[in-house]
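One structure is given here, and the rest of the page talks about it.
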Amino acid sequence: MLSRQTSQRIAFIVISLSALIVVAPILFIVGYIVVQGVGAISWEFLTGFPYNGMKSGGVWPAIVGTLWLTLGTAVVAVPVGVGAAIYLSEYAGDNQLTRAIRIAIINLAGIPSVVYGLFGLGLFVIFLNFGTSILAGSLTLGIMTLPVIISTAEEALRAVPQSFRLVSVSLGGTRWETIRRVVLPQALPGIITGIILGLERAAGETAPILFTVAAFFLPRLPHSIFDQTMALPYHLFVISTQVPGMPVRIQYGTALVLMFFVLSMNVLATLIRRHYRRQRVW
Amino acid sequence: MHSMRGQHKTSIIPYCLLLLIGGALLGSGCRPQTDTPVAAAATAIQNKGSDTLVNLALAWAERYQSVHPEVSVAVTGGGSGTGLTALVNGTVDIANASRQIKAEEMTAAEANGITPMEFVIARDAIAVVVHPSNPVDQLTLQQISDIFSGKITRWTEVGGEDRPIVLLSRETNSGTHVYFLEEVLRLGDSENKTLFSTDTLLLPSSEGIGVEVRQNPNAIGYDGLGYVTEDMKTLAVSAAPGEPYWPPTAETVNAGQYPIARDLYMYTAGEPTGAIKTYLEWILSAEAQQIVLDLGFVPVGGE
Amino acid sequence: MKRQPVSLSEFLIERAIQVFGISAIVLVALIFFFLIREGVPAFFEVPLSSLFGARWYPIEDYFGLWPLILGSLIITLGAAILSLPLGLATAIFIAEIAPTWVRDILKPFVEVLAGIPSVVIGFIGMLVFAPALRVALNLPTGLTAFSGILLLAWMALPTIVSVAEDVLDSVPTTYRDAGLALGMTRWQVIWRIVLPAGRSGVLTALMLGVGRAIGETMTVMMVTGNAPRLPLTPADLFMPARTMTATIAAEMGEVAQGSPHYHVLFAVGLTLFVITFVVNMAAAMVVFRQVKRGERMLS
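Protein chains in written order, with the numbering used here: chain Z, 5 to 286; chain A, 19 to 321; chain G, 22 to 320.
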């Protein structure tokens, strides 16, 4: 029988090792991609079109496409997501409907991304006849992003102390005035963090855009939301699996750009959260 | 406040309906706008289909645009079926295919009022590829069929090292897959119902096969000659035991010697006109066919 | 209480917020509806004997779903089984053991992992991880179910770690203090008090991890080899496998709209939807029960 202290030591060592197993590969992957990919990064790579069967040139149209899709996702998901969060935090009563909404949000969050792709294909591309387009892709990604935005925004709204609301109402403010002038400004940093985290996920997704928007190669940038577009995640998939004799350097360079794009959003969200948490007066 | 909540609750259902109706209206309202890309097709050619052809199509599109900047050719892969489906649905101008259009696709097209026109724009040898260290140099069609259907499972059975054979194939949506099934596994016999072994790895694309063949000495795969790079080994193939083994090259394909070769196609919706017609004529020109050769495919001559 | 007369714009905004509020319900219903609309015809167009066959080869009209379902199942379960103890251990490390500065470094790291796009992990998996695994385990190929399991287990970790952390945090400090006051070591407190108190939460973490793993698409498509074999023995873990998600992603792009193959792929999507729905509902039930218990404790 081990002594209590020894068993604690063994347990802590095992646990620390597990944490190491979790963390070390993250360092490895990020580091490996940076080391392998940084040589490919140049102004021409970032702002040029791919040419020579994509074996040369840059990733500009994919960057632009991902920006379009991220923006489109925001346009779709932010009003609906924040609106839903306001509803849940400020209006909803403790009843069956609210419970149903919560269950629906949990389920939306759990639906596999490729199933969103199927849904987007069925509803937007075919049934509503948007075709494979930025519109269809943004709607699909937007719906996928909703649960993230709703739950983080609701959390931020709920964190605003009830006393703030009471003061506003007692001064004669209507419910919406209270929300707009008091609750929303206080909750804004938290909401923005949630929005960025949601958009980060959308920007990195491949499966939902496979059938709704992504193009293998386009010689020009998209002109409208009815155009197809290239996008960074799909571009990485394409050049790592479909183009023969693709220089590894360009593959890693593209992976690096994608990772940088997504992780900088992550860092931004973390910074905003930290900054305002420190400033918070209540 | 609490009394307000009660009212809100009951007044929600109509809005639920409103959202649905609104969505439906939005959809129908947007329908005419989808004509935009088609209307702009005077200068933008939509080209989609076979992954085998996608790099060739890309190279053509690039070269053509450097000469004709007023025309933009958008190229997308996805497989022969993808391109032909899009042609049938009226969403592309030119479909690339590494196989001929199927009867059911033809019927579907005609039901949509489209008569697909066929153009042979290049030829392709399907190379059987292995790891460079693999000592096996040549196989008969029958041996290849037995390997991919799972009857032969070790390299020793075809004169190689004592290793398991790992089968690599393109996904089933690729024209190359279908061609390989019909002409190699089933040896061109339509009564033959041989299937790929269920152990066959189905890789999402050509380069997936390349990645695995380059690093795995157990692997055998097949792919269009245009996808073969120097760090893979191609096998010489003979049509039947006793007949000569031929390596896959432009010469052996044009001489009809290499047994696994096929035509590559482009399809248009009806007789091509305008920019599409000019583009197809250019593709069959000597300049464009030189690109075919450069990319490892076999040019179609005498145009 | 008397409210001021509301303006029209305020009225409209409040109505819009209500509509947005129920949007989640409408969307889940809409997704379910479309999957049924496009997926259910498969059961009429394709004979059931084919759908429940052992062979998936759609271009020859073999639509056997078993290889796909079992492929998804072994990879998901394998990933969950590996991921749960690792995630739990990491959460314990972060919440109970690590000094503050280590914690401040670790937490963002785990978030970074959640942020790496799955196509990037698939890319590294295909180019670096699978070949290394083939050599290390002397396998015929590295593109196996096992590669998928390892990568998915790792990718499901952020979900499991963050839920498990919440669980550990939710156990009242008084419980710990009581344990320590009785002379227990910190480990005994964690093992005998904190973990049992957070049991149901751990279950939630496991289910959400399963939900995450079963839906993962790009990574599994790039590393598992996608051979639609029936995985029946443990040795099959080290053979290629094909999941439901990879099948949809690989094949949906090319099928003719309205063909049996198209409908079968939607039916596969419907199956995935139903599985994740059940898993998430189960997780939600645990969460709701917990909330209720928490409320009882407070009142």
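Note that beta-carbon positions come from the ideal geometry of N, C-alpha and C, so glycine has one too.
Query - Alpha-carbon spacing of A:ALA279 relative to G:ALA50, whole angstroms - result: Indexing the second sequence from 1 puts residue 279 of chain A at position 261. Indexing the third sequence from 1 puts residue 50 of chain G at position 29. Distance between the alpha carbons of A:ALA279 and G:ALA50: 50 Å.
**Report entry** A:ILE112 - containing beta strand (DSSP E), residue span
**Finding:** If you number the second sequence from 1, residue 112 of chain A lands on position 94. Start and end: 112 to 115.
Query raised in the report: Distance, Cα to Cα, A:MET19 vs Z:ILE105?
Result: Walking along the second sequence from the start, residue 19 of chain A turns up at place 1. Walking along the first sequence from the start, residue 105 of chain Z turns up at place 101. With a pLDDT of only 35 at A:MET19, under 50, the local geometry of the prediction cannot be trusted, and the value read off the model is given with reservation. Straight-line Cα distance between these residues: approximately 21 Å.
Query raised in the report: Can you tell which of G:THR238, G:PHE130, G:PRO68, G:GLY279 has the C-alpha that lies nearest to the C-alpha of G:GLY60?
Result: What you label residue 60 of chain G is simply residue 39 of the third sequence in a count that begins at 1. The shortest Cα separation from G:GLY60 among G:THR238, G:PHE130, G:PRO68, G:GLY279 belongs to G:GLY279.
Report task. Measure the CB-CB distance between G:LEU171 and G:GLU237 and report whether it falls below 7 Å. Result -> Start at 1 with the first residue of the third sequence, and residue 171 of chain G comes out as number 150. Start at 1 with the first residue of the third sequence, and residue 237 of chain G comes out as number 216. Not in contact: G:LEU171 and G:GLU237 (Cβ atoms no closer than 7 Å).
Query - Interfacial residues, the region 64 to 81 of chain A to chain Z, with Cβ spacing under 7 Å - result: ASP69, VAL72, ASN73, LEU76, ALA77, ALA79, GLU80
Query raised in the report: Do G:VAL300 and G:THR264 come within 7 Å of each other at the CB atom, strictly closer than that value?
Result: As a first step, residue 264 of chain G must be located in the third sequence, where it is residue number 243. As a first step, residue 300 of chain G must be located in the third sequence, where it is residue number 279. No. Outside cutoff.
Query raised in the report: Smallest Cα separation from A:ALA322: which of A:GLU122, A:THR103, A:GLY178?
Result: This structure does not reach residue 322 of chain A, given that chain A is present from 19 up to 321, and the question cannot be answered.
Query raised in the report: Apart from the five residues just before and just after A:PRO317, which ones in its own chain have a Cβ nearer than 8 Å to its Cβ?
Result: Counting from 1 along the second sequence, the entry for residue 317 of chain A is found at position 299. Cβ within range, chain order: ALA140, ARG141, ALA268, GLN307, GLN308, VAL310, LEU311.
Report task. Using alpha carbons as the reference points, say which of Z:PHE215, Z:GLN232, Z:LEU214, Z:THR216 lies closest to Z:LEU222. Result -> Within the first sequence, residue 222 of chain Z is the residue found at index 218, counting from 1. Nearest C-alpha to Z:LEU222: Z:GLN232.
Query raised in the report: Three or more C-beta pairs closer than 8 Å, one from the region 191 to 204 of chain A and one from the region 215 to 228 of chain G: is that the case here?
Result: no
Query - Distance CB(Z:ALA157)-CB(Z:VAL242) smaller than 7 Å - result: Stepping through the first sequence from its first residue, residue 157 of chain Z is reached at position 153. Stepping through the first sequence from its first residue, residue 242 of chain Z is reached at position 238. Going by C-beta atoms, Z:ALA157 is not nearer than 7 Å to Z:VAL242.
Query raised in the report: Can at least three beta-carbon pairs, one atom from the region 266 to 275 of chain Z and one from the region 246 to 256 of chain Z, be found at a separation below 8 Å?
Result: no
Report task. Pick helix, strand or coil for A:PHE315, following the three-state DSSP scheme. Result -> In the second sequence, residue 315 of chain A corresponds to position 297, counting from 1. In the structure shown, A:PHE315 sits in coil (DSSP, three-state: anything other than H, G, I, E or B).
Query - alpha helix (DSSP H) segment containing A:LEU253, residue limits - result: Indexing the second sequence from 1 puts residue 253 of chain A at position 235. Where A:LEU253 is concerned, there is no enclosing alpha helix (DSSP H), given that its DSSP letter is neither H nor E.
**Report entry** Assigned exposure category for G:PHE73 - 16 Cβ within 10 Å defines buried
**Finding:** As a position in the third sequence, residue 73 of chain G is number 52, starting the count at 1. Classification of G:PHE73: exposed, given that the 10 Å Cβ count is below 16.
Requested in this report: Would you please verify whether the beta carbon of Z:VAL27 is less than 7 Å from any beta carbon of chain G?
Outcome: Position 23 of the first sequence, counted from the start, is the residue given in the question as residue 27 of chain Z. Chain G, which has a Cβ nearer than 7 Å to the Cβ of Z:VAL27, makes this yes.
Query raised in the report: Using the rule of at least 16 other Cβ atoms within 10 Å of the residue's Cβ for burial, across every protein chain shown, is Z:ALA15 buried or exposed?
Result: Here residue 15 of chain Z is taken as the residue at index 11 of the first sequence, counted from 1. The residue is buried, with at least 16 neighbouring Cβ atoms inside 10 Å.
Requested in this report: Just confirm the distance between the C-beta atoms of G:LEU164 and A:GLU230, as a whole number of angstroms; I'd bet it's less than 8 Å.
Outcome: If you number the third sequence from 1, residue 164 of chain G lands on position 143. If you number the second sequence from 1, residue 230 of chain A lands on position 212. Indeed they touch by this definition, with Cβ atoms about 7 Å apart.
Query raised in the report: Just how far apart, CA to CA, sit G:LEU291 and Z:GLY146?
Result: In the third sequence, the residue the question calls residue 291 of chain G occupies position 270. In the first sequence, the residue the question calls residue 146 of chain Z occupies position 142. Cα-Cα distance, rounded: 20 Å.
Query raised in the report: For chain G, is any of its Cβ atoms less than 7 Å away from the one on A:ASN191?
Result: Position 173 of the second sequence, counted from the first residue, corresponds to residue 191 of chain A. So yes, A:ASN191 belongs to the interface.
Query raised in the report: If we count Cβ pairs, one from each stretch, closer than 8 Å, do we get three or more for the region 203 to 220 of chain A versus the region 129 to 140 of chain A?
Result: no
Query raised in the report: What do you get for G:SER93, buried or exposed, if any count of 16 or more other CB atoms within 10 angstroms of its CB means buried?
Result: Within the third sequence, the letter at position 72 stands for residue 93 of chain G. G:SER93 is buried by the Cβ-count criterion.
Query - N- and C-terminal bounds of the alpha helix (DSSP H) containing Z:PRO29 - result: Taking the first residue of the first sequence as 1, we reach residue 29 of chain Z at position 25. Here the alpha helix (DSSP H) through Z:PRO29 covers 8 to 41.
Query raised in the report: Could you give the uninterrupted runs of the alpha helix (DSSP H) lying entirely in the region 150 to 213 of chain A, keeping only those of 4 residues or more?
Result: 159 to 166, 193 to 198
Requested in this report: Please decide whether G:THR266 counts as near chain Z, where near means a Cβ-Cβ distance under 7 Å.
Outcome: Position 245 of the third sequence, counting from 1, holds the residue named residue 266 of chain G. Cβ-Cβ to chain Z under 7 Å: yes for G:THR266.
Query - Contact set between A:SER90 and chain Z, taken where Cβ atoms lie within less than 8 Å - result: The residue given as residue 90 of chain A occupies position 72 in the second sequence. The contacting residues are PRO223, ARG224.
Query - Contacts of A:ALA237 in chain G (Cβ-Cβ under 9 Å) - result: Counted from its first residue, the second sequence places residue 237 of chain A at position 219. PRO161, THR162, listed in chain order.
Query - Per-residue contacts from G:PRO261 into chain A (C-beta, under 8 Å) - result: Stepping through the third sequence from its first residue, residue 261 of chain G is reached at position 240. Per Cβ cutoff of 8 Å: ASP217, LEU219.
**Report entry** Buried versus exposed, by CB contacts within 10 Å (16 or more), Z:PHE32
**Finding:** For the purposes of this step, residue 32 of chain Z is taken as residue 28 along the first sequence, with counting starting at 1. Exposed, by the Cβ-count rule.
Report task. Specify the secondary structure class of Z:THR70 as computed by DSSP and reduced to three states. Result -> As a working note, residue 70 of chain Z is residue 66 in the first sequence. Reduced to three states, the DSSP call for Z:THR70 is helix.
Report task. Pick out whichever of A:GLY97, A:ARG81, A:ASP155 has its Cα sitting closest to the Cα of A:SER303. Result -> Counting from 1 along the second sequence, the entry for residue 303 of chain A is found at position 285. When each option's Cα is compared against that of A:SER303, the closest is A:ARG81.
Query - Interface positions of the region 227 to 249 of chain Z facing chain G (Cβ-Cβ less than 9 Å), listed along the chain - result: LEU236, PRO237, TYR238, LEU240, PHE241, SER244, THR245
Query raised in the report: Under a three-way DSSP split, which group does G:PRO129 fall into?
Result: Here residue 129 of chain G is taken as the residue at index 108 of the third sequence, counted from 1. G:PRO129: helix per DSSP, three-state reduction.
Query raised in the report: Are the beta-carbon atoms of A:ASN65 and A:VAL106 separated by less than 7 Å?
Result: By 1-based counting over the second sequence, the position of residue 65 of chain A is 47. By 1-based counting over the second sequence, the position of residue 106 of chain A is 88. In this structure, A:VAL106 does not lie closer than 7 Å to A:ASN65 by Cβ.
**Report entry** Short CB-CB distance (under 7 Å) between A:GLU128 and chain Z
**Finding:** Residue numbering aside, residue 128 of chain A sits at position 110 when the second sequence is read from its first letter. Not an interface residue.
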